[in-house]
Ligand code: UDP
Ligand code: MG
């Protein structure tokens, strides 16, 4: 029998967990030829998520859980899950049922057939999302794909199933500023896209405010592109050229008509404009420097406080063998 590890990052998902497990296990029971292990990663939840996981693991032998010492973010939770996965295949899915478990058989078939190393889900619409957010999201994908060589697919969810080989490749990328959509694509391998329509959250609420998403988008751009760093040089060159023409213009005007130096307001505007651009460019530099600083510290991506579950293993060690 092959083993499929299903990794589920959970942050305050108490309300959704029961429904998730019920629907996912109903689907997994019908998967031919694979055993399934669930790895729930409690990302420092402040509600009853951990208790719910303990209770679930006490009841279901296929369930294991990891619990972080604080909220490290979904990226860290996915990484921890992948690191603890023992399966021949690993799947990552959200706890809120926005990633329909019913797609699992299709994903597994695709990867097992050998035609691809990874089957990933992409949503083809953004129904139920504020139009402004969709617009920003679309602009983000356009921008990042223009700026980065790594292809970031619009509408790609983190929901995907991959081979052991690809999982190991992802685990080798131990960077601290993680942007999974980029990492999945950067490691390469053949990916098959399965399309689905947008599903609403089963319970609880989204942890992503508009501002958080914006920061995530900027992190993504910085993790997979150094193009912003070039902005400073290009802008500087352009301004030099402009000022050269302006100087020529002023000199010629002085020689031909005389009285070239009028007024300081125009001067102040120019100074403010240039100072603004300089600060903007220094800011970009600072952002990259900050990211580099964090990477150089080599801090762990997550810290575990507790883990448990997976009784089947104890039993193997104990009475079954
Ligand atoms: N999540 C997490 N840590 C966080 C935020 C979210 O582990 O800091 C998990 C969350 O529990 C869920 C998944 O990531 O399983 C997706 O989060 P959410 O549904 O809030 O995002 P959305 O679907 O709205 O993009
Ligand atoms: Mg969600």
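Numbering (my numbering), first residue to last: 1489 to 1809. Using N, Cα and C, we set each Cβ at its ideal position, and we do this for glycine too.
Counting only the Cα atoms, residue 1744 lies some 24 Å from residue 1728.
Under a 10 Å Cβ-count criterion, residue 1498 is classified as buried, with 16 or more other Cβ atoms of the shown protein chains found around its own Cβ. In the DSSP secondary-structure assignment, residue 1551 is bridged to 1526.
Going by C-alpha positions, residue 1656 is about 11 Å away from residue 1662.
Remark: the shortest separation between the CB of residue 1565 and any heavy atom of the ligand UDP falls under 7 Å. If you look at residue 1533, you'll find it isn't in any alpha helix (DSSP H); DSSP assigns it neither H nor E. DSSP places residue 1501 outside both helix and strand once states are collapsed to three, so it counts as coil. Spatial neighbours of residue 1762 in its own chain (CB-CB distance under 8 Å, excluding positions within 5 residues in sequence) are listed in chain order as 1727. Residue 1505 places its beta carbon less than 8 Å from that of residue 1544. Scanning its chain for C-beta atoms nearer than 6 Å, with the 5 sequence neighbours on each side dropped, one finds around residue 1562 the residues 1497, in chain order. By the criterion of a C-beta distance shorter than 8 Å, residue 1710 is surrounded in its chain by 1665, 1716, 1775, 1776 and 1779, once the five residues flanking it on both sides are discounted. Put simply, the backbone Cα of residue 1551 is about 20 Å away from that of residue 1650. By the Cβ-count criterion, residue 1527 is buried, with 16 or more other Cβ atoms from all chains shown falling within 10 Å of its own Cβ.
Relative to the Cα of residue 1576, the nearest Cα in the group 1547, 1489 and 1798 belongs to 1489.
Looking from the CA of residue 1574, the closest CA among 1653, 1708, 1534 and 1607 belongs to 1653. For residue 1710, there is no enclosing beta strand (DSSP E); the residue is part of the alpha helix (DSSP H) that begins and ends at 1698-1712.
8 Å or more divides the Cβ of residue 1494 from the Cβ of residue 1566.
Shortest Cα-Cα distance from residue 1699 to any of 1555, 1641, 1624 and 1517 involves 1624.
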